[in-house]
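Read top to bottom, the protein sequences are chains A and B. Residue 1 is where the first sequence starts when you use the working numbering, and the numbers rise one by one after that. Residue 1001 is where the second sequence starts when you use the working numbering, and the numbers rise one by one after that.
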Amino acid sequence: GAGVSQSPSNKVTEKGKDVELRCDPISGHTALYWYRQRLGQGLEFLIYFQGNSAPDKSGLPSDRFSAERTGESVSTLTIQRTQQEDSAVYLCASSLGTGLGVEQYFGPGTRLTVT
Amino acid sequence: GDSVTQMEGPVTLSEEAFLTINCTYTATGYPSLFWYVQYPGEGLQLLLKATKADDKGSNKGFEATYRKETTSFHLEKGSVQVSDSAVYFCALFSGGYNKLIFGAGTRLAVHP
């Protein structure tokens, strides 16, 4: 079946502009995560959605970052007034529920470059 | 807070060599442990996992054992192939945080 998809695959934007990144999780997966991977580094957690519960936003680095998810479907990550340090690969993952041992399936990522 | 530390790369090996990539963790409670792999130009994939102490995860010839006493989850493979060249990430999932916490990644390059 279809995996996690993300769009766009690449995005180049000017400093100060807003960007919106999209994630389509695997159908039926109730949990959805956003991570950021800076060049040569591991993944940093940004935000987590589980069903209709309030999202865990504890990883968002600043109030310029926000994310939404409608029910158990598509999620969008928005970065306002982009800065050069926002340049990274943004990865989305989904899982069938949550808990110890539950596998997260990752999308291919969106590579964001802020010039 | 919870954290994962893995050996820095790059690791460069000849084909058929033995591989070890060290991973240690700090966590409250009893996390699940994972190794993810990122092949060139591809997305992150789960390689193996272990959910409790002394469990051994294995896949594609790779193994890792959850060692609670040493808080480690080292990745091993007896004979690497060129196709194993990738970046390997150790990660833990702590139920208290509901997220994966990743190490910085270790790049492996295998030469014929």
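Heads up, the beta-carbon is just placed ideally off N, CA and C, and yes, glycines get one too. Predicted model only: the values in this text are computed from it and were never measured.
| Check | Outcome |
| --- | --- |
| Using a beta-carbon distance below 9 Å, is Phe65/A in contact with chain B? | no |
| Could you pull out every residue in the same chain whose Cβ sits closer than 6 Å to the Cβ of Asp24/A, ignoring the five residues on either side in sequence? | Ser5 and Val74 |
| Would Gly1096/B and Gly1009/B be called neighbours here (beta carbons separated by less than 9 Å)? | no |
| By Cβ distance, which residues of its chain are closer than 7 Å to Gln83/A, with the 5 residues on each side in sequence left out? | Lys15 and Val114 |
| Within its chain, find whatever has a CB closer than 7 Å to the CB of Pro1112/B; leave out the 5 residues flanking it on each side and keep chain order. | Glu1015 and Val1082 |
| Would you mind telling me which residues of chain B sit closer than 7 Å to Pro108/A, beta carbon to beta carbon, in chain order? | Gly1043 |
| I'd like to know if Gly1078/B contacts chain A, where contact means its C-beta is closer than 9 Å to some C-beta of that chain. | no |
| Does the Cβ-Cβ distance between Glu1076/B and Leu1013/B come in under 9 Å? | no |
| Taking its Cβ as the centre, do 16 or more other Cβ atoms sit within 10 Å of Gln41/A, making it buried, or is it exposed? | exposed |
| Looking at C-alpha atoms only, which residue of Phe1034/B, Ser1085/B and Leu1047/B is the closest neighbour of Ala1091/B? | Phe1034/B |
| By Cβ distance below 7 Å, which residues in the same chain neighbour Lys57/A in space, the five residues on each side in sequence not counted? | Ile47 |
| Shortest alpha-carbon distance to Phe1089/B belongs to which of Lys1060/B, Asp1002/B, Phe1073/B and Asp1054/B? | Phe1073/B |
| Tyr1088/B bridges to which residues according to DSSP? | Val1037/B and Thr1106/B |
| If the cut is a Cβ gap below 8 Å, which residues of chain B does Leu112/A touch? | None at all; the shortest Cβ gap to chain B is about 16 Å. |
| Got a sec? Which residues, its chain only, sit under 6 Å from Glu72/A by beta carbon, not counting five neighbours each side? | Thr30 |
| Going by Cα to Cα distance, which pick from Gly99/A, Phe45/A and Ser94/A is closest to Ser1003/B? | Phe45/A |
| If you reduce the DSSP assignment to three classes, tell me which class Gln80/A lands in. | coil |
| Rounded to a whole number of angstroms, what is the C-alpha to C-alpha distance between Arg64/A and Thr13/A? | 15 Å |
| Is the CB-CB distance between Phe1093/B and Gly101/A below 9 Å? | yes |
| My guess is that Thr1005/B and Gly1103/B are in contact by the Cβ rule of under 8 Å, so how many angstroms apart are they, rounded? | 6 Å |
| When the cut-off is 9 Å and only beta carbons count, does Glu44/A lie next to chain B? | yes |
| Have a look at Leu77/A, Asn10/A and Arg69/A and flag the residue whose alpha-carbon is nearest the alpha-carbon of Leu60/A. | Leu77/A |
| I'd like to know if Tyr1036/B contacts chain A, where contact means its C-beta is closer than 9 Å to some C-beta of that chain. | yes |
| What does DSSP give as the partner residue(s) for Ile1101/B in the beta ladder? | Leu1092/B |
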